[in-house]
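Below: the structure, in structure tokens.
Protein chains in written order, with our numbering: chain A, 1 to 506; chain B, 1 to 506; chain C, 1 to 506; chain D, 1 to 506.
Pasting the structure below:
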């Protein structure tokens, strides 16, 4: 079953390459066919309910309590094939989209090229992703390349209503709003798929819920579908399971494990978002603070680098000797959490593991210690252990709780232990651009691939395409790549246009 | 006249030590005594109208439009000697105060000592500062030391209403709310000073407006006043002018130029707030961005260090060869703004000068360039030059304007050229704690000084007190100071307890 | 043929994973059997003649011109089965060995364990490596584990005579001195192998010359040899060629590509040695210098990080878009060499490529520009193009040449374009310790492996052994590794003792 | 007496501004007039015997034991008015001078200007400084400006013999060699001063020994002398004492306390030389090392920044709360030496104090700990306490001693506790250039000053000249200074050409 059981699969960290998913015994096709609202709610992917913040949401103070499903709205062209919060927010949303366009140079470059050829002409894409300004740029790029799109949200909290409005105003069939119920969630997905006279031939998914829905409800649709592009760890894992079970009916592209995503999302994004997330929630001064970072994978490396640079004193915990030795060489004291827990001002988890910060640790922390999670869904801090009668919880700001011990000691818990970077900071558009471009290229590749190039399996993008995505992002930095001379290329045994790295390079 | 003319006196930068205030020709005592609301509005200090943001204000969504002056409120003890927005917000405000207390260890230490002696017993302090959680900690510390306090805001925008409520609930006579009119501003100050049966004997001022008001309205009060403690550059400048003109009636302490403030406020605060201010307003990714920082004084040094650490490529402009050479040795290309203006992603001014970024520069910037000011009031960027018919202004978020050129180019202007760190980021409580502690110690010193120690002049705190303030902040870092042995002290010719630096050390 | 043709195989850089060795057409067994001295000199591996410096060699001022081959020496125990420069230098060499022991904690730990068991009892190891203090620690560790050792140098310049003396004094059969002729080189190797009554059963090689000699001269010896441990890129490449050609007679361990070597040698070593190499040769000040680093692989990353940290302004050139994007995100301007060549103070090559710095570039450099190579043998800078009549070469210090243009312009060329870190700086013992430990463990593994575990092929150490090597080095940093709980290990699907990384992790 | 008593006056650190020289009770004029060699040896300034290394000296292997005083040498022009080691080394020395010229752009710029005017025409300068390549550039610049020069060494070890030869070859009257006896030292000085038919009218001194000699032996010479330029702390202190005692006969320029020297020498030089000094002596790897830096003045700041950047974990000790708080904000744990002494890999003193590292500390250090001094002459580490019978000293390399405890523990003591940066690393020429330029400008100023501008007192260079020196060094970095517009200058109340800083700025 694609149920709750198989959801603690996460990315962001090296530990996870080895995950064996031992607990996942139920199979996909055993899922009961009749499900009420309650059982539906159990089948939604966990990533669909992660809380999520964005700059734009700060401005969203609409107090209209009517459900979008109960409203009838039309855009200025009279089109009403969408379901969103409020079409009147379109102007504001459009501005957010335009801001995002400036940081997504590669997609804009693809649009320019599309003026000549339309590589997605005829494509009917059904998508299910976060509905944000960045997604809007992707969607409008796919359209510029020739595709028709229908879209739902992959997360019940993450929709930027203004952006959804801007898309609807431009006559995209969007079905999404911030704060959907779980019933709404599946209703929206169904509205994307189940249309008279329109049948999708491509899927773009983030988390696998859309794919799952079609498998469950409209398995025949796969006859016309040419492929799936999936971004998330969770969704990719589901696809590999399907493939293993011989049930994958179409080729699928695993965008999550492309080099550009791995190399850039984790290290560079976290380097920026750890500072942003901590500041926005706590206004803490970094200078001189003693910080423990649990885990020295890419995420931990990014957090450590940023905090050290801002004058914090950083300690690292690790289980893997190789990463541990890197932490040492990079100038961090490698400790066990117990050794420094009493003196820590901030504790950050980046392990991909569970219960890294236990109640015992929390009991020993000093007054005012800030605790947050940059690594894994919501398992790293044993938040459940704090839900006991003797402790008082006090919500002091959005995403900030004080947990108060009987002696008055307060621990500052951020985002209730969920991902700080999703909940409390924004993600740089530029980094999202890398992933979005990879998605668009994967779409083009799958849609145009000659019969037989791809089988019913899960594929990684070839290294060369990773390199192409990277090269499309260089002009943003006014960066000038050097070209190999013929003589040099021969000497190195490389093609002048790449690929420059072996396929196993990560 | 203490009018608008003499307001472009600023701190934050080395340039300014030489400011000669050439434009200030009007004299203090020429001020007309009868002023209407309009002329009042011209006499308010500029710092009183700088925009100002704080975390707490995000949560302030009260839509009550009634003026506090028209409301009758009482706290839970039945006390009504205050005028604030809404006494019901006291609980939330109290929480903010408690959070601040944790980052203001020195004041809390002073409170502990005050349990034995009350060095401010009998002190009647009238204060005029920003009304924030940090100020509340100061005010309640002064009270713990024995003082009675009445307080108004020094800025019409900066009051945290919840904090004012928390103070009022604790029976402090606070007269302040966010969004005062200028008439309100002076009315509040007057309510602090003009009370039956209570006359202040100490002044704590930030900007000089309170001092000015007493000079103008109640000059006789100075007979009982033992001294003034002033924090701001503007206020200190006013005091020096009074002193020069022979009109200063009481001793005054210049807290602004204490070592701890200069050494910590500028460098360390700006190192943190430049990142925070840019992120909160624009969500910009720092990695790989080309940034020009104009001015390499302490503020510029802080900005450059933070941005370099986060992966930006930083260029510096300077007029002073010594700071220029420091920039070179620190690894920054020293350029003229013209040379790099076309390639800049972000331009930050930190000079204390005027028109450092001109319309000509703005015309040549590339699309999407972010422009902001960390240095001086609002003079560094020639914002006025952008108010021309061919340019369109578009407010895209709070404190963020797009200025749009006829060809579609957009410049992202933050805080309309006012101080980014005041307008768009929070200031670390810990750094404010240093200044607040200095204020408290200056209060104690002036109030207890024997007759004759201080004349009617402006004084700097002795180096030893600076060192004492610093030492009170070390425990926060669990930092352990080394003590000189007798032999070492003799060898160095120093007293074991300091001062360790010459008085001219800055 | 193991001749000059197959020597441009190098490590140190990502480019090189793709090298296809297109030029290598001659086969091993076509080598003529009778070779005179001259042809011998052509067959020596290039790494054997790289120049090499070490701290100890500074003190080596012995002017004795007699060839060691013509001397008869005995150590204090009367043993004379060695051939070195001067047995009297043993005390000094012993001190250097003792200093090295302190930075090689893992080998010392192995020795302690060896007091109980002797995993190399019966092993007769013939070795051919650099003869340095670090090698001495390795050799004496192998002996402590039970092995008998005979050793020659893999490089005609790199022997520390004092260390060789210290080994000889301890009755190790060492045949090596600094400044061997090529005839000496092979004579020494032969003296290790060709002994009456003693036949090696293990080979430890660095560059493949020893292996080659046995293949050529004593192929029957392989019947008793259990395996080869090879460290260098060159030697590993030779082994893979043998394997491919079906001519490898025994199992071989490829130590060069172990994770610990790749992850630590390149990045961390170069981070330190680039500064050291530049200072020792030129005393250049780093602050404010404009430096171009060609190549942003691990070596380039290390160089860039160090120079940026010391206040240099660093530009990067790259051919690979992915590394290029990393350089951008890390805060370096990505340029073509041509664009910045005129303003560069220092140019450093780290590409693994050839002719990266051409005569044209050299012609355009400014007076005093320093040029050096951290990447590849001696191909990266086109030094040959500087050997023209109009240019004057002036040797100003050891390893430092001024190349003087007709107009008086001088370029400062270091180590004649050979590897700066080998020629002009020392390599941190600690990093060598990682490799040496891996060699020792590979020895133990091969020697004790049950029949059939290893075939006649080239093997990489399993990830688990990499992790073991790393863990042995953690105590040096007083670093404390965290252990997974049973629950966590189950959750992650990992064994509590590792391996923690997939085998493809690099 | 200018004897040993007054020698612990040092620079490099803020502590020292307060030194009161309590022990110096003897007066200058009480010095006995007849002194034998032994008493002479006691009167030499301590800085004259500090050990000193330079790159060039590595190549100096001349074994000629004849005293230069016993040789008769002539240069190629037949001139023999000098006394140096070996005139044949002139070519090598000339090359070193030419290398230095490239990093001393300001002096070279002065030479160019001197082609028109000769501001030192008629000047007869007698100098006493380190005789290094950098000094040669200064001396030849003074000559280019019109002066005649005679020169001796201010330190018995620091002369680069090759450079002295190059100067002699160019007919400069130099009297200096490496390894002078103390008698030689004074003899050389006397040879500079006591010449028939030539009498100096300007003094350039470093340490005050030359000035002292003239005071003692030829007091009448001061009638013709127009001024003294003194660089060292020691010499400046002597001058202030003379001035205080009313015995200073001519104006003197204190170059030591010029802004450019203070701001650049300490921070930037030490940032580079700490790494260089440690590497050249110990080849230690910095990554992951635990380092204690005692003192967080400018020197300590430079050391900490460099080591942190290279991956060391740095702890700081301080006595002054203000510097302590800076260390905290900069991200260093502030500790007492006792707390971390057991875990330290490296201990560095930068305090200006005495006995900062005591025998007790040394007893508790772990095996292999490196101890060195970057701060003060040779007082900071209590080296004397290590000269006890139970400890064994072993000289392992030049400037490196192992001190061995009875249990076998070894401490690695560098330069016997004297200054590491003088003894074991080179000082960047560029930074010396700043001081040398200041000396040259001070010379010009004093020599050309109209009667009465300077009295018989000690002067600091005006801020404007500091700024001029800085500006002469900017072209090296291709740095472009911004100029104030008229409007801006007026606004700031500054002259467009500076000075830009108040005189009290340091």
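Glycine included, each C-beta is placed from N, C-alpha and C at the ideal position. Quick caveat, the model's predicted, so the values are computed rather than measured.
Could you name the residues of chain B that residue 330 of chain C contacts, counting a contact when the two beta carbons are closer than 7 Å? Locating residue 330 of chain C in the third chain gives position 330, counting from the first residue. For residue 330 of chain C, the chain B residues whose C-beta falls within less than 7 Å of its own C-beta are 311, listed in chain order.
For residue 151 of chain B versus residue 69 of chain B, is the C-beta spacing smaller than 8 Å? Along the second chain, one-based indexing puts residue 151 of chain B at 151. Along the second chain, one-based indexing puts residue 69 of chain B at 69. No; because the gap between Cβ atoms is not below 8 Å, this pair is not in contact.
Three Cβ pairs or more, each shorter than 8 Å: is that satisfied between the region 308-318 of chain B and the region 283-295 of chain B? Contact between the region 308-318 of chain B and the region 283-295 of chain B is established, with three or more Cβ pairs separated by less than 8 Å.
So, is the C-beta of residue 381 of chain A closer than 8 Å to a C-beta in chain D? Position 381 of the first chain, counted from the start, is the residue given in the question as residue 381 of chain A. No, residue 381 of chain A lies away from the interface with chain D (no Cβ there is under 8 Å from its Cβ).
Once the 5 residues before and after residue 332 of chain C are set aside, which same chain residues still bring their CB inside 7 Å of it? Indexing the third chain from 1 puts residue 332 of chain C at position 332. Hits under 7 Å: 304, 314, 315, 316.
Could you give the distance in angstroms between the alpha-carbon of residue 225 of chain C and the alpha-carbon of residue 159 of chain D? Your numbering for residue 225 of chain C matches position 225 in the third chain. Your numbering for residue 159 of chain D matches position 159 in the fourth chain. So the two alpha carbons sit approximately 59 Å from each other.
How far does the beta strand (DSSP E) with residue 152 of chain A in it extend, from its first residue to its last? Taking the first residue of the first chain as position 1, residue 152 of chain A is located at position 152. From DSSP, the beta strand (DSSP E) with residue 152 of chain A extends over 148-153.
Local conformation of residue 365 of chain A per DSSP, three classes: The sequence position of residue 365 of chain A within the first chain is 365, counting from 1. Coil at residue 365 of chain A, not helix or strand.
Chain B within 8 Å of residue 111 of chain C, Cβ atoms only: Start at 1 with the first residue of the third chain, and residue 111 of chain C comes out as number 111. Residue 111 of chain C has a beta carbon lying at 8 Å or more from every beta carbon in chain B.
What residues in its chain sit with their C-beta under 7 Å from that of residue 498 of chain D, if we drop five residues either side in the sequence? Residue numbering aside, residue 498 of chain D sits at position 498 when the fourth chain is read from its first letter. The residues 464, 467, in chain order, have a CB closer than 7 Å to that of residue 498 of chain D in the same chain once the five nearest residues on each side in sequence are set aside.
In chain order, what residues of the same chain have a beta carbon less than 6 Å from the beta carbon of residue 300 of chain D, not counting five sequence neighbours either side? Taking the first residue of the fourth chain as 1, we reach residue 300 of chain D at position 300. Counting only Cβ-Cβ distances below 6 Å, and skipping sequence neighbours, we find 293, 350.
Inspect the CB distances between the region 318-331 of chain B and the region 470-480 of chain D and report whether three or more fall short of 8 Å. yes
Kindly list the residues whose CB is nearer than 6 Å to the CB of residue 199 of chain D, restricted to its own chain and excluding five residues on each side of it in sequence; keep chain order. Residue mapping note: residue 199 of chain D aligns to position 199 of the fourth chain, counting from 1. Closer than 6 Å at the Cβ level, and outside the excluded window around residue 199 of chain D, lie 224.
Cβ of residue 426 of chain B less than 8 Å from any chain A Cβ? In the second chain, residue 426 of chain B corresponds to position 426, counting from 1. Closer than 8 Å to some Cβ of chain A, the Cβ of residue 426 of chain B qualifies, so yes.
At which residues does the beta strand (DSSP E) containing residue 372 of chain C begin and terminate? For this step, residue 372 of chain C is matched to residue 372 along the third chain. 370-373 is the span of the beta strand (DSSP E), which, as asked, contains residue 372 of chain C.
Does the beta carbon of residue 279 of chain A come closer than 8 Å to any beta carbon on chain B? Here residue 279 of chain A is taken as the residue at index 279 of the first chain, counted from 1. Closer than 8 Å to some Cβ of chain B, the Cβ of residue 279 of chain A qualifies, so yes.
What residues in the region 335-355 of chain C bring their beta carbon closer than 8 Å to a beta carbon of chain A? Answer set for the region 335-355 of chain C: 335, 336, 337, 339, 352, 353, 354, 355.
Does DSSP put residue 258 of chain C in a helix, in a strand, or in coil? What you label residue 258 of chain C is simply residue 258 of the third chain in a count that begins at 1. In the structure shown, residue 258 of chain C sits in coil (DSSP, three-state: anything other than H, G, I, E or B).
Listed by chain order, chain C residues near residue 368 of chain D by CB distance under 9 Å: For the purposes of this step, residue 368 of chain D is identified with residue 368 of the fourth chain, where counting begins at 1. Per Cβ cutoff of 9 Å: 99, 102, 103.
Using 8 Å as the Cβ pair cut-off and three pairs as the minimum, do the region 108-116 of chain A and the region 205-221 of chain A touch? no
Under a three-way DSSP split, which group does residue 246 of chain D fall into? Residue numbering aside, residue 246 of chain D sits at position 246 when the fourth chain is read from its first letter. Looking at residue 246 of chain D - three-state DSSP - the assignment turns out to be coil, as it is neither helix nor strand.
Measure the beta-carbon distance from residue 460 of chain D to residue 254 of chain D and round it to whole angstroms, keeping in mind my assumption that it falls under 8 Å. To locate residue 460 of chain D, count along the fourth chain from 1; it is residue 460. To locate residue 254 of chain D, count along the fourth chain from 1; it is residue 254. About 5 Å; that satisfies the 8 Å criterion.
Expected contact under 8 Å - CB spacing of residue 105 of chain A and residue 473 of chain A to nearest Å: Along the first chain, one-based indexing puts residue 105 of chain A at 105. Along the first chain, one-based indexing puts residue 473 of chain A at 473. Rounded, the Cβ-Cβ distance is 6 Å, consistent with contact.
Pull the bridge partners of residue 346 of chain B from the DSSP assignment, please. In the second chain, counting from the first residue as 1, residue 346 of chain B sits at position 346. DSSP, once it has assigned bridges, lists B/291, B/370 as partnering residue 346 of chain B.
Nearest-angstrom Cα separation, counted from residue 110 of chain B out to residue 449 of chain B: For the purposes of this step, residue 449 of chain B is identified with residue 449 of the second chain, where counting begins at 1. For the purposes of this step, residue 110 of chain B is identified with residue 110 of the second chain, where counting begins at 1. About 18 Å.
Chain-ordered neighbours of residue 275 of chain C on chain D, where CB pairs are closer than 9 Å: Within the third chain, residue 275 of chain C is the residue found at index 275, counting from 1. Simply 272, 275, 276, 279, 310.
Other residues of its chain near residue 73 of chain B: CB distance less than 6 Å, five sequence neighbours each side excluded: If you number the second chain from 1, residue 73 of chain B lands on position 73. Once the five neighbours on either side are set aside, the close Cβ partners of residue 73 of chain B are 87.
Other residues of its chain near residue 469 of chain D: CB distance less than 7 Å, five sequence neighbours each side excluded: Locating residue 469 of chain D in the fourth chain gives position 469, counting from the first residue. Contacts found: 106, 260, 434, 437, 438, 441.
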